[in-house]
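Q: Structure in structure tokens, see below.
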Amino acid sequence: MTLGGAIAVAAPAPAGAEDTEPAVVVNGTFSAPTVPAEKTFSAGVEGWTSTGGVASATRAAHPQGFQAATLGWNGGGISIGTRLRGVRKGATVTLSWDDNPDVCVTSGNAKRAYTMTVAGDTNTPGRFTTNNPTGKANWFLGRTYSFTAAEDSPQITFASTDTDKPSCGALITNVAAKQTAPPLGPPQGTASSDPCAGEAASNPQCKDVADNKNQISKCPPTDRDCLAGVAGKGEKENAGIDKETQAVEDFGKVPRDQDPNTAAAGLCALPNALTADVQPGDAVVPPSDWWFC
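Quick note on numbering: the sequence shown equals residues 0 to 292 in numbering that gives the first Met the number 0.
Okay, structure coming up:
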């Protein structure tokens, strides 16, 4: 198998596992900045660190019409890099992308060579070469590189290793990533949530609690007298329950029935004051029929 067709894998996921959860790659198809129609390249790569730029969709001639980032600029080979946001340390990640030797190299030139690196002692740099230069687009679709994230938001970097005409570096586009997130760790500070953890265990209150737990553990579950000897019989608690029970009973005995006429009489002062000066001929319906009063 030629190096150009090889798949570089570093710290692969366990056998049978497959990274399936999408991970965001900023500007993975290098659509920004958009190269003006009259130009072939534009400087800068949004969301990536680069001293180069992007090739227009026409120059790249990718099957899906993407623009592409170049690994050659101003007479030499360069690198481009970005961070995979949303990827946590310990996640396994499969990165994928497409590469092309670009039209500026022909059959007389070597394949375009570059590396893909990511932080982590176990993540061996992946070394890749493009398809054969032909003087026109010759894309390889679906390069992959797998790794285990050694940090949150790991940095990935493509870097040219061309020695033959390095100013015409490989074109890279359609960069995507999938991951298998690591399991969530235990909540931080779990031990400190116990008021009797660590040095606090020697406090008198904590010591009493520990002694009681030790004594209760020695009591058979069916021995009520043994348990009562440690935890008490709950006299105070039972007395409190009795008081609450009596209070509810007394509340229910309070009389709440009242003659409706007596209750309504207390509400008549205001309407009577408003209608006192209204004469029978002033209204179609006599005021006496307006209201109970």
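Backbone N, C-alpha and C define an ideal beta-carbon position, used for all residues, glycine too. Note that the structure is a prediction, hence the values are computed from the model and not measured.
(1) Got a sec? Which residues, its chain only, sit under 8 Å from residue 282 by beta carbon, not counting five neighbours each side?
(2) Where residue 176 and residue 202 are concerned, what is the direct C-alpha to C-alpha distance, given to the nearest angstrom?
(3) Report all residues from its chain with a CB closer than 7 Å to the CB of residue 20; omit the five preceding and five following residues, and keep chain order.
(4) Straight-line CA distance for residue 127 to residue 164?
(5) Counting contacts by CB-CB distance shorter than 7 Å, is residue 62 in contact with chain D?
(6) Spatial neighbours of residue 40 within its chain, please: CB distance less than 6 Å, with the 5 preceding and 5 following residues excluded, ordered by chain position.
(7) Assess contact between the region 55-67 and the region 79-87, defined as three or more Cβ pairs (one per stretch) separated by less than 8 Å. Is contact present?
(8) Could you work out which residue in 221, 150, 43, 110 is closest to residue 69 when comparing CA atoms only?
(9) Within the same chain, show all residues whose beta-carbon is closer than 6 Å to that of residue 36, passing over the 5 residues directly before and after it, in chain order.
(10) Classify residue 276: buried if its beta carbon has 16 or more other beta carbons within 10 angstroms, exposed otherwise.
(11) With DSSP run on the structure shown, which of helix, strand or coil describes residue 153?
(12) How would you write the range of the beta strand (DSSP E) that residue 173 sits in, first residue to last?
(13) Do you know offhand how far residue 235's Cα is from residue 90's?
(14) Would a C-beta distance cut-off of 7 Å place residue 46 and residue 25 closer than the cut-off?
(15) What is the rounded straight-line gap between the Cα of residue 249 and the Cα of residue 182?
(16) If residue 133 sits next to residue 105, beta carbons under 8 Å apart, how far is it from one beta carbon to the other, in whole angstroms?
(17) Kindly indicate which three-state DSSP category residue 53 falls into: helix, strand or coil?
(18) Relative to the alpha-carbon of residue 156, which residue among 32, 136, 33, 119 has its alpha-carbon at the smallest distance?
(19) Roughly how many angstroms separate the alpha carbons of residue 294 and residue 27, rounded to a whole number?
(20) Out of 225, 148, 135, state which residue places its alpha-carbon closest to the alpha-carbon of residue 167.
(21) Quick check: residue 93 and residue 158, are their CB atoms within less than 7 Å of each other?
(22) List the endpoints of the continuous alpha helix (DSSP H) containing residue 240.
(23) Could you tell me the alpha carbon to alpha carbon distance between residue 50 and residue 74, rounded to whole angstroms?
(24) For the putative contact between residue 140 and residue 67, defined by C-beta atoms under 8 Å, what is the C-beta separation to the nearest angstrom?
A: Taking the geometry as given:
(1) Reading the sequence shown from its first residue, position 283 is the one you call residue 282. None.
(2) In the sequence shown, counting from the first residue as 1, residue 176 sits at position 177. In the sequence shown, counting from the first residue as 1, residue 202 sits at position 203. Using only the alpha carbons, I get a separation of about 54 Å.
(3) Numbered from its first residue, the sequence shown carries residue 20 at position 21. Counting only Cβ-Cβ distances below 7 Å, and skipping sequence neighbours, we find 177, 178, 179, 180.
(4) Looking up residue 127 in the sequence shown gives position 128. Looking up residue 164 in the sequence shown gives position 165. When only Cα atoms are considered, residue 127 and residue 164 end up about 17 Å apart.
(5) The structure shown contains no chain D; it is built from a single protein chain.
(6) Indexing the sequence shown from 1 puts residue 40 at position 41. Result list for residue 40: 52, 54, in chain order.
(7) no
(8) Your numbering for residue 69 matches position 70 in the sequence shown. Selected option, being the one with the closest Cα: 43.
(9) On the sequence shown, residue 36 is found 37 positions in, with the first residue counted as 1. Closer than 6 Å at Cβ, skipping near neighbours: no residue.
(10) To locate residue 276, count along the sequence shown from 1; it is residue 277. Exposed, by the Cβ-count rule.
(11) Position 154 of the sequence shown holds residue 153. In the structure shown, the three-state DSSP call for residue 153 is coil.
(12) Residue 173 sits at position 174 when you count from the first residue of the sequence shown. Here the beta strand (DSSP E) through residue 173 covers 170-179.
(13) One-based indexing of the sequence shown puts residue 235 at position 236. One-based indexing of the sequence shown puts residue 90 at position 91. So the two alpha carbons sit approximately 56 Å from each other.
(14) Reading the sequence shown from its first residue, position 47 is the one you call residue 46. Reading the sequence shown from its first residue, position 26 is the one you call residue 25. Yes, the Cβ-Cβ distance between residue 46 and residue 25 is below 7 Å.
(15) Here residue 249 corresponds to residue number 250 of the sequence shown, with the count starting at 1. Here residue 182 corresponds to residue number 183 of the sequence shown, with the count starting at 1. Roughly 57 Å between the two C-alpha positions.
(16) Taking the first residue of the sequence shown as position 1, residue 133 is located at position 134. Taking the first residue of the sequence shown as position 1, residue 105 is located at position 106. Yes, residue 133 and residue 105 are in contact; Cβ-Cβ is about 7 Å, under 8 Å.
(17) Working through the sequence shown from its first residue, we reach residue 53 at position 54. DSSP places residue 53 in strand when its eight states are reduced to three.
(18) One-based indexing of the sequence shown puts residue 156 at position 157. The residue with the shortest Cα to Cα distance from residue 156 is 119.
(19) As displayed, the chain neither begins before 0 nor continues past 292, which places residue 294 out of reach and without an answer.
(20) Within the sequence shown, the letter at position 168 stands for residue 167. Ranking the options by Cα distance to residue 167, first place goes to 135.
(21) Position 94 of the sequence shown, counted from the start, is the residue given in the question as residue 93. Position 159 of the sequence shown, counted from the start, is the residue given in the question as residue 158. 7 Å or more divides the Cβ of residue 93 from the Cβ of residue 158.
(22) Locating residue 240 in the sequence shown gives position 241, where the first residue counts as 1. That run of the alpha helix (DSSP H) goes 234-251.
(23) As a working mapping, residue 50 is identified with position 51 in the sequence shown. As a working mapping, residue 74 is identified with position 75 in the sequence shown. Residue 50 and residue 74: Cα-Cα distance of roughly 12 Å.
(24) Counting from one through the sequence shown, the residue named residue 140 turns up at place 141. Counting from one through the sequence shown, the residue named residue 67 turns up at place 68. In fact, because the Cβ distance is near 12 Å, the residues do not count as touching under 8 Å.
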